[in-house]
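Each residue of the sequence shown is one higher than the one before, starting from 413 at the first, in the numbering used here.
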Amino acid sequence: SAGKPLPSAEIKIISPSDGSVLGLMKEGEIAIRGPMVMKGYYKNPAATEQAIRDNYFFSGDLGYIDRDGYLFITGRIKEVIVLSSGKNIYPEEVEKEYSKIPLIKEICVLGLEEKGRIEALHAIIVRDIDYARQQQTGNINEALGWDLSRISGKLPPYMRIKGFTLYPEPLPRTPLGKLKRFMIKDLIKVKSEKLKVKSEDKALTSDAVGKTVIECITPLLKESMPIQSKDNLELDLGLDSVQRIELVVSLENKFSIKQPETFASDIQTVGEIVEKIKQSAASISIKEESKEGVASIFSGEPSEEENKKVGLKQGAVEWLFVSFLAGILKLIFRIFFRLEVKGIENIPNVPFIIASNHCSNLDGFAVAAALPFNIYRTLYFQGFQKYFTSRLTAFFARLAHVIPIDPETYLGKALQLSAYVLKNNKALFIFPEG
Numbered sequence: 413s414a415g416k417p418l419p420s421a422e423i424k425i426i427s428p429s430d431g432s433v434l435g436l437m438k439e440g441e442i443a444i445r446g447p448m449v450m451k452g453y454y455k456n457p458a459a460t461e462q463a464i465r466d467n468y469f470f471s472g473d474l475g476y477i478d479r480d481g482y483l484f485i486t487g488r489i490k491e492v493i494v495l496s497s498g499k500n501i502y503p504e505e506v507e508k509e510y511s512k513i514p515l516i517k518e519i520c521v522l523g524l525e526e527k528g529r530i531e532a533l534h535a536i537i538v539r540d541i542d543y544a545r546q547q548q549t550g551n552i553n554e555a556l557g558w559d560l561s562r563i564s565g566k567l568p569p570y571m572r573i574k575g576f577t578l579y580p581e582p583l584p585r586t587p588l589g590k591l592k593r594f595m596i597k598d599l600i601k602v603k604s605e606k607l608k609v610k611s612e613d614k615a616l617t618s619d620a621v622g623k624t625v626i627e628c629i630t631p632l633l634k635e636s637m638p639i640q641s642k643d644n645l646e647l648d649l650g651l652d653s654v655q656r657i658e659l660v661v662s663l664e665n666k667f668s669i670k671q672p673e674t675f676a677s678d679i680q681t682v683g684e685i686v687e688k689i690k691q692s693a694a695s696i697s698i699k700e701e702s703k704e705g706v707a708s709i710f711s712g713e714p715s716e717e718e719n720k721k722v723g724l725k726q727g728a729v730e731w732l733f734v735s736f737l738a739g740i741l742k743l744i745f746r747i748f749f750r751l752e753v754k755g756i757e758n759i760p761n762v763p764f765i766i767a768s769n770h771c772s773n774l775d776g777f778a779v780a781a782a783l784p785f786n787i788y789r790t791l792y793f794q795g796f797q798k799y800f801t802s803r804l805t806a807f808f809a810r811l812a813h814v815i816p817i818d819p820e821t822y823l824g825k826a827l828q829l830s831a832y833v834l835k836n837n838k839a840l841f842i843f844p845e846g
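Shown next, in the form of structure tokens:
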């Protein structure tokens, strides 16, 4: 925290979107009023009018005030990266995570704009050559790629960089040591230069399995590029978690080999895919191209075991118990949280999807408490799988109609279950933000 405001200082948090004053624990622009605030910018009335409003100085800093009155500064408005999904990304937070890699001397994370939309994060990286020499790291780029993948695996998908550019010199900074992000943006090359094709990559394109893997990957790329053995699926090729599932489905169709659930998360490079497929079967037959792709997941039916896991085969006794718990939940939210519900009449007949913003871990419970029993009975929730791994939480998931979802390992089955729910005249509730 920056501490509590001085007695002579008035601070309010303003919503950047609509200019309203926000309450405690709500993040917005920090505005300050008091004797310490300047009268304006010297001979610059336009800048003064922008910064000083109603005698408040709009700092351009983002932050919030906690319940004890402490001010927290979280970043700069101009530096926030707003993804096309609506997620706000604070680049300094992402840089802090990737800076844990010893091979990285400096890093700057930027939004990569495509057709007027920011779809992904891109990093400008200065390598620590001295550290690499001390550690006798032969292939710095390869080691860096593995380290980036390791850190990415620990971050939420929206915070992961999808590519990086290596820069040979120190990044431009202000006299105070802050990164000059507006200058660093120019360092990104729109068309990244690929290395010359090495012998192992020639072998990849001449090998039947390698050629087929490349054929499966190519339609998923946003732009045409040569595919190499050591290309990282996320960092070099830009494949997200859904595209990984599409790739796995395409590979299974091509090679007639059923892969384990963890296959999509286990593979990091193109070369690893080729090796794992070769290990999967002694004799490999390659089929003609299948155009079903990820659609085959939606058209398939989950197993009986999967149906039971999410409560699709709930008995009368279980449903009575769930109804009792739902009733208690409604009372709790109406008494202790003063829950008010409007617009119930706008909910259509099943099947339908409700997509909600996500503010806290209570959101799912609030929705369950808000809906009438007849609608709640048909509703299934997508929930983060890591919360439903124990026997107790798995039992709760079944009672509460939770479909466990994990972008890394369980995505295929979760998508299949979600589609199955809708096909059987049920409703689906999702949090697009995660």
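Note that CB positions come from ideal geometry on N, CA and C, so glycine has one too.
With fewer than 16 other Cβ atoms inside 10 Å of its own Cβ, C771 counts as exposed. Its chain contains G650 as the residues whose beta carbon lies nearer than 7 Å to that of K634, once the 5 sequence neighbours on both sides are disregarded; these appear in chain order.
Take the alpha-carbon of I530 and the one of P447: they are about 40 Å apart.
Between A767 and I817, the beta carbon gap of about 14 Å keeps them out of contact (Cβ cut-off 8 Å). In the three-state scheme derived from DSSP, where H, G and I count as helix and E and B as strand, F764 is classed as strand. The C-alpha of S715 lies about 14 Å from the C-alpha of E673.
Between the C-alpha atoms of A826 and I815 there is a straight-line separation of about 6 Å.
It is roughly 15 Å from the alpha-carbon of R539 to the alpha-carbon of V521. Counting C-beta atoms within 10 angstroms of its own C-beta, Q462 has fewer than 16 neighbours from the protein chains shown and is therefore classed as exposed.
The distance from the Cβ of Y476 to that of G487 is about 11 Å, inconsistent with a contact at the 8 Å cut-off.
In this chain, the alpha helix (DSSP H) harbouring Y510 covers 503-510.
Taking 9 Å as the cut-off, the beta carbon of I513 is found no closer than this to the beta carbon of I573.
The region 436-451 and the region 414-427 touch, with three or more beta-carbon pairs separated by less than 8 Å. Straight-line spacing of the CA atoms in K424 and K508 works out to 28 Å. In this structure the region 653-667 does not touch the region 573-592; the number of beta carbon pairs closer than 8 Å is below three.
In this chain, the beta strand (DSSP E) harbouring T577 covers 573-578.
In its chain, beyond the 5 residues on either side, L651, Q655, E658, L659 have a beta carbon closer than 7 Å to the beta carbon of L632.
Positions of the beta strand (DSSP E) runs, each at least 3 residues long and wholly inside the region 449-518, are given as 468-477, 483-488 in order along the chain.
Y543: member of the alpha helix (DSSP H) spanning 541-546, first to last residue. For K688, the secondary structure class from DSSP, reduced to helix, strand or coil, is helix. Take G776, set aside five residues on each side of it, and the residues of its chain with a beta-carbon closer than 6 Å to its own are F793, in chain order.
Within the region 750-832, the complete alpha helix (DSSP H) segments at least 4 residues long are 775-782, 785-788, 803-811, listed from N- to C-terminus. Here I552 has L515, R539, I541, A544 as same chain residues with Cβ atoms under 8 Å from its own Cβ, once five neighbours each way along the sequence are excluded. Here G523 is buried. Its C-beta has 16 or more other C-beta atoms within 10 Å. Here K642 has E554, T681, G683 as same chain residues with Cβ atoms under 7 Å from its own Cβ, once five neighbours each way along the sequence are excluded.
In the three-state reduction of the DSSP assignment, I629 falls in the helix class. Here DSSP, grouped into helix, strand and coil, assigns L651 to coil. Under a 10 Å Cβ-count criterion, S413 is classified as exposed, with fewer than 16 other Cβ atoms of the shown protein chains found around its own Cβ.
Taking C-alpha positions only, Q548 is separated from N456 by approximately 55 Å. With distances taken between CA atoms, G435 lies nearest to Y482 out of K690, Y482, A458, G575.
The criterion of a C-beta distance shorter than 9 Å is satisfied by I765 and L840.
Note that the C-beta distance between E441 and D473 is below 9 Å. Annotation: G755 to F748 spans about 22 Å, alpha carbon to alpha carbon. A distance below 7 Å between beta-carbons, with the five flanking residues on each side excluded, links I759 to the following residues of its chain, in chain order: I787. In this structure, the alpha-carbon of P569 lies about 42 Å from that of G452. Annotation for R746: no residue places its beta carbon closer than 6 Å to its own, counting only its chain and skipping 5 residues before and after.
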